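Chains as they are written, first to last, in our numbering: chain A, 1079 to 1162; chain B, 193 to 280. We put the beta carbon where it would ideally sit given N, CA and C, even for glycine. Quick caveat, the model's predicted, so the values are computed rather than measured.
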Amino acid sequence: MNGWEVAAFVLVIGGIVPALILACRGDAVHRLVGLELASSVGVLVMLVMIQATGQPSYLIVPLVLALLGFAGTLVFTRLLGSKP
Amino acid sequence: MILLWIGVVIAVAAAIGAVVTKDFYRRLHFLTPVTSLAGPVIGLALAIVNGWSLTTLLILLTIVILGVTGPVLSAATGRVAAQRDELE
């Protein structure tokens, strides 16, 4: 296990787990914060894991996640905008 | 490697801070360090390791997209919450 893998592991435990906790409690808008955090930390985890495995061709995955995470969260904000 | 660990510590501290904070509007502030501080620092660490190459360009592009879209999402989420709380 090299340093990059350890860093990715720490990011998953310390970043994704809190994001999942946030995404599981509160009302819909409160849970949206968890989704945003998971998306952001997920991109960073992928970048570090790609460096750890030495496969730069996978870099398209975090790039697409960053773009789709943005669009997806904006869709949620749009749908949650009006009170039901 | 130092830059990588600085970025990891910032991201983890922000995530834990977001969980611990009870107030929603205060919690929103904890998203910004992940995209605007931890992202660029980790990206810089990766760029230094890889040198000038297409890999570095793609990493920096991803980090820039993350840095630009993060505050927009925080603002959009805050606005929706304010509308639902009838603050605006």
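>> Between which two residues does the alpha helix (DSSP H) holding B:Gly209 run?
In response: As a position in the second sequence, residue 209 of chain B is number 17, starting the count at 1. Counting along the chain, the alpha helix (DSSP H) containing B:Gly209 begins and ends at 194 to 212.
> Is there at least one Cβ from chain A nearer than 8 Å to B:Arg218's Cβ?
Replying inline: Taking the first residue of the second sequence as 1, we reach residue 218 of chain B at position 26. No - not a single Cβ of chain A is within 8 Å of the one on B:Arg218.
>> For B:Tyr217, report the span of its alpha helix (DSSP H) as first-last.
In response: Taking the second sequence and counting its residues from 1, one reaches residue 217 of chain B at position 25. Residues 216 to 221.
>> With a threshold of 8 Å between beta carbons, is B:Ile208 in contact with chain A?
In response: Residue mapping note: residue 208 of chain B aligns to position 16 of the second sequence, counting from 1. With 8 Å as the cut-off, B:Ile208 counts as an interface residue toward chain A.
> B:Leu196 and B:Ile257: beta carbons closer than 8 Å?
Replying inline: Here residue 196 of chain B corresponds to residue number 4 of the second sequence, with the count starting at 1. Here residue 257 of chain B corresponds to residue number 65 of the second sequence, with the count starting at 1. In this structure, B:Ile257 does not lie closer than 8 Å to B:Leu196 by Cβ.
>> What are the residues in the region 246 to 262 of chain B lying within 7 Å of chain A by C-beta distance?
In response: Against chain A - using a Cβ distance shorter than 7 Å - the residues of the region 246 to 262 of chain B are Thr247, Leu250, Ile251, Leu253, Thr254, Ile257, Leu258, Thr261, Gly262.
> A:Ala1130 and A:Trp1082 look like a contact to me (Cβ under 8 Å); what is the Cβ gap, rounded to whole Å?
Replying inline: As a position in the first sequence, residue 1130 of chain A is number 52, starting the count at 1. As a position in the first sequence, residue 1082 of chain A is number 4, starting the count at 1. That belief holds up - the Cβ atoms of A:Ala1130 and A:Trp1082 are roughly 4 Å apart, short of 8 Å.
>> Under 8 Å: do the region 199 to 213 of chain B and the region 238 to 257 of chain B share three or more Cβ pairs, one atom per stretch?
In response: no
>> Please identify the residue among B:Ala210, B:Ala273, B:Phe216, B:Gly231 whose C-alpha is closest to the C-alpha of B:Ile198.
In response: Counting from one through the second sequence, the residue named residue 198 of chain B turns up at place 6. Taking only the C-alpha atoms, the option nearest B:Ile198 is B:Gly231.
>> Tell me which residues share the same chain as A:Met1124 and place their Cβ nearer than 8 Å to its Cβ, disregarding the 5 neighbours each side in the sequence.
In response: Taking the first residue of the first sequence as 1, we reach residue 1124 of chain A at position 46. These residues qualify, in order along the chain: Tyr1136, Val1139, Pro1140, Leu1143.
>> Is A:Glu1083 close to chain B? Criterion is C-beta to C-beta, closer than 8 Å.
In response: As a first step, residue 1083 of chain A must be located in the first sequence, where it is residue number 5. It does not; no Cβ of chain B falls within 8 Å.
>> So with CB distances below 8 Å, who are the chain B contacts of A:Thr1151?
In response: Reading the first sequence from its first residue, position 73 is the one you call residue 1151 of chain A. In chain order: Leu265, Ala268, Thr269.
> What does A:Thr1155 reach in chain B if we use C-beta pairs closer than 7 Å?
Replying inline: Here residue 1155 of chain A corresponds to residue number 77 of the first sequence, with the count starting at 1. Within 7 Å Cβ-Cβ: Ala268, Thr269, Val272.
> Is the shortest distance between the beta-carbon of B:Leu223 and the beta-carbons of chain A less than 8 Å?
Replying inline: In the second sequence, the residue the question calls residue 223 of chain B occupies position 31. Interface residue, yes.
>> Please report the straight-line C-alpha distance between A:Leu1100 and B:Val264, rounded to a whole angstrom.
In response: Residue 1100 of chain A sits at position 22 when you count from the first residue of the first sequence. Residue 264 of chain B sits at position 72 when you count from the first residue of the second sequence. C-alpha separation (whole angstroms): 20 Å.
> Taking 8 Å as the CB-CB limit, is A:Ala1020 close to chain B?
Replying inline: With chain A represented from 1079 up to 1162, any question about residue 1020 of chain A goes unanswered, as that position is not in the structure.
> List, in order along the chain, the chain B residues whose C-beta lies closer than 8 Å to that of A:Gly1093?
Replying inline: Mapped onto the first sequence, residue 1093 of chain A falls at position 15. Neighbours of A:Gly1093 across chain B, judged by C-beta separation under 8 Å: Ala203, Val204, Ala207, Val226.
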